[in-house]
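Trainee: Below is one structure. I have some questions about it.
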Amino acid sequence: MALLSLQNVSKSYKEGASTVQALKQATLEVEAGELVAIIGPSGSGKSTLLSIAGALLQMSEGTVEINGMNIVHLSAKQLASFRLKELGFILQTSNLVPYLNVLDQLLLVKKMGGKVTKDDKEFAKQLLTELGLSDKFKKMPNELSGGERQRVAIARAFMNNSKVILADEPTASLDSKRALEVVKLLAKEAKERNKAAIMVTHDERMLQFCDHVYRMEDGVLTQQS
Amino acid sequence: MFLALKELKYAKFRYVMMTTIIILIAWLVFILSGLGNGLATLSAATLKNIDAEYVVYEETAGATFAKSILSENLQDDLEKQKNVDKVAAFGASTIAVGKTKSKDADSKEDVALLGVEPDAFFMPEVIEGEKLSYDNKKGVVINDTLKEAGYKIGDILLVANSDMKLEVVGYVKGETYNHLPAIFTVLENWRDYQYAAPGSDNDTDKAVQAFFLKAPNLEDPSTIDKAVKDVETVTKKTAINGMPGYKEENGTIMMMLAFCIVISAFIIAVFFYVITMQKTQQFGVMKAIGASNGFIGKAIVAQVAILSVLGIVIGIVFTYLTAKILPEGMPFDLEPTLIITYAIVLLIIALLSSIVSVRQIVKIDPLTALGRVE
């Protein structure tokens, strides 16, 4: 069964008198261990799709099931705790908390849910080591390079051990060498840890690491490979 | 607490500035209340010092000393009343005294001449020299601030506009009345000054202005009014409020303090609000990851609490340091209970003001985390 499943999801915004159809009957399924890319031009509806899949935005029609749970009827408060438990976000660079060191960035996720145990700490260190950050535990975000920061963000997304990982333009501000490195790591972690990962990107060079590629154009989602 | 402390440590400059604002506000509030309290004390220190619960006036006097004339003979009647432990008569006049018959105003001091029985229960302790006694009717004990003006034990004081002479026999401490240093004398002597003009005492035998009652068990003062003719008994608080100008003066000071506190509430609220607004994106990211409003709200309230407590404590230290360098004559009086009260008020205001910021967090849409430059 797919860990993340969007069935006939539509989203329309009211913009003045007219209604804008941002997403038209999108259907998408991601299995465990897969990295799926969504590409498309600006304004095509990629971020709308990601926001809906990430339980940040309510759809107008359709159903979203994450790890077997339908999220359509959850309240804002329930959604927050749902995101904390079931979803890992990798956001654009600079979305780390500026006043926390690398290790604390990861532990923050655990703090949000309650207490930090010794095992959590070990897990965080293990994740960071896998991502090549073993000597950066105590560094602040502004002491890291763009690539390192994004690797911390990946580690943070895996920290709560959720089944679904959502990445929003994770390579947006990286040069191609670093970008490739980051996506490679993301694909590797998703596979090894059996997660369902979606990545929204502009960058066609990253597609070599993805199991499936979807293209979004004017709100219509089509599978490319 | 985790987020709050980490951020305070990281953005030191910003939060040092914020603490400085709170320090300044706390300092201002404490200095103002200290000066206000000092002024109020100056105006009625002697009355406040008196360990009595009630004051008995002439019925028609409206609870003011200057308008009241009673006979000292009432003392026995009052003492007989149930629940009344001690009774002592009192009279006050404002006079000017000098050591020479000079016409120069600078060589004279305005003082409050207070007539009492030497053995009155409220007679303040003489810190130096001798006590009042009927053996020396002209003897006075003076407030020690008059020392600075050059008055010593043994000096003869000439009372202006009168041929009366007084002899300094001792000092008392912290006794002021109507903002003037108090000098105590025996009632008989006071009467000679106050009712010097024939008939000015309305032919009252042994006239005094009022009686102080030590009566901690007396619940209803009107029972005294019923039992003793032509008197009105009020609480000491009412008596102090009846001092000329006392209520108005206190009203002004309280008004200033109230404004100061209301304005500081706004300042603190606005500063924290602005700081919170700057972090909208950051909070958006945290909410996207799954932070609840409570988690972020707690961090903000904790921050406000830490900064406020720190600011207020430093403000208190500054206040006492300031009080030390204030000139001697400046009335400044701040009791610990008052400090604690205002400190708690300020803390509560700061915490309440953080609610404005917390409300703002609830409104932040986690979607802002996905805000992109496309």
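Taken in order, these protein sequences are the chains called R and B.
If you count the first sequence from 1, position 35 lands on 35 in the numbering used here, and the numbers rise without skipping.
If you count the second sequence from 1, position 190 lands on 1190 in the numbering used here, and the numbers rise without skipping.
The C-beta atom is built at its ideal place from N, Cα and C for all residues, glycine as well.
Just so you know, these numbers come straight off a predicted model, no measurement behind them.
1. Beta carbons nearer than 8 Å to chain B: which residues of the stretch 192 to 203 of chain R have them?
2. Taking the alpha-carbon of residue 1071/B as reference, which of 1188/B, 1010/B, 1300/B, 1326/B has the nearest alpha-carbon?
3. In chain order, what residues of the same chain lie with their CB nearer than 6 Å to the CB of residue 179/R, ignoring the 5 residues before and after it?
4. For a test of the three-state rule: what should DSSP assign to residue 150/R, helix, strand or coil?
5. First and last residue of the beta strand (DSSP E) that includes residue 97/R?
6. Counting only Cβ pairs nearer than 7 Å, list the residues of chain R close to residue 1354/B.
7. How far does the alpha helix (DSSP H) with residue 181/R in it reach, from first residue to last?
8. What residues of chain B sit near residue 95/R, judged by a beta carbon separation below 7 Å?
9. Taking only runs of the alpha helix (DSSP H) that begin and end inside the stretch 1013 to 1095 of chain B, which ones reach a length of at least 4 residues, in chain order?
10. Measure the C-alpha to C-alpha separation of residue 161/R and residue 198/R and round it to an integer number of angstroms.
11. Evaluate contact between the stretch 1030 to 1050 of chain B and the stretch 1192 to 1203 of chain B, counting only Cβ atoms and requiring at least three cross-stretch pairs below 8 Å.
12. Could you list the residues in the stretch 1287 to 1319 of chain B with a C-beta less than 7 Å from some C-beta on chain R, going in chain order?
13. With three or more beta-carbon pairs closer than 8 Å as the criterion, would you say the stretch 190 to 210 of chain R touches the stretch 25 to 36 of chain R?
14. State the start and end residues of the unbroken alpha helix (DSSP H) segment that holds residue 208/R.
15. What does the Cβ neighbour count give for residue 155/R, buried or exposed, with the cut at 16 atoms within 10 Å?
16. Mind checking whether residue 173/R and residue 146/R have CB atoms under 8 Å apart?
17. Identify the contact partners of residue 1282/B in chain R, using a Cβ-Cβ distance below 8 Å as the criterion.
18. Could you tell me the distance, in whole angstroms, from the CA atom of residue 1253/B to the CA atom of residue 1033/B?
19. Exposed or buried, what is residue 4/R when buried is set at 16 or more other beta-carbons lying within 10 Å of its beta-carbon?
20. Counting only beta-carbon atoms, is residue 215/R nearer than 8 Å to chain B?
21. Helix, strand or coil for residue 69/R? Go by DSSP, reduced to three states.
22. Count the C-beta pairs between the stretch 1081 to 1092 of chain B and the stretch 1115 to 1131 of chain B that are closer than 8 Å, then say yes if the count reaches three, no if not.
23. Kindly indicate the opening and closing residues of the beta strand (DSSP E) around residue 1180/B.
24. How long is the line joining the alpha carbons of residue 117/R and residue 1256/B, rounded to whole angstroms?
25. Can you check whether the CB of residue 1273/B is closer than 8 Å to the CB of residue 99/R?
26. Based on Cα-Cα distance, which residue from 1226/B, 1315/B, 1041/B, 1025/B lies nearest to residue 1333/B?
27. Take the Cβ of residue 42/R as the centre, count every other Cβ of all protein chains shown within 10 Å, and call the residue buried at 16 or more, exposed below.
28. What is the DSSP secondary structure of residue 216/R, counted as helix, strand or coil?
29. Who are the neighbours of residue 1449/B on chain R, taking C-beta pairs under 8 Å?
30. Mind checking which residues open and close the beta strand (DSSP E) that includes residue 37/R?
31. Tell me, please, whether the CB atom of residue 81/R is closer than 8 Å to any CB atom in chain B?
32. Roughly how many angstroms lie between the CA atoms of residue 1130/B and residue 1141/B, to the nearest whole one?
33. Give a yes or no on whether the C-beta atoms belonging to residue 37/R and residue 201/R are separated by under 8 Å.
34. Which of helix, strand or coil does DSSP assign to residue 1228/B?
35. Ends of the beta strand (DSSP E) at residue 199/R?
36. Starting from the C-beta of residue 1097/B, find all residues in its chain whose C-beta is less than 8 Å away, skip the five residues before and the five after it, and write them out in chain order.
Mentor: Let's see:
1. none
2. 1188/B
3. 171
4. helix
5. That residue, residue 97/R, is in no beta strand (DSSP E); it is neither H nor E in DSSP.
6. Residues of chain R passing the Cβ test: none, with the nearest at roughly 19 Å.
7. 176 to 192
8. 1285, 1369
9. 1074 to 1080
10. 16 Å
11. no
12. 1287, 1288, 1289, 1290, 1291, 1292, 1295
13. yes
14. Premise fails: residue 208/R is in no alpha helix (DSSP H) and is neither H nor E.
15. buried
16. yes
17. 97, 98
18. 8 Å
19. buried
20. no
21. strand
22. yes
23. 1180 to 1186
24. 52 Å
25. no
26. 1041/B
27. exposed
28. strand
29. Residue coverage of chain B in this structure runs from 1001 to 1374, which leaves residue 1449/B outside it and unanswerable.
30. 35 to 39
31. yes
32. 8 Å
33. yes
34. coil
35. 196 to 201
36. 1108, 1109, 1111, 1157, 1158, 1159, 1160, 1166, 1183
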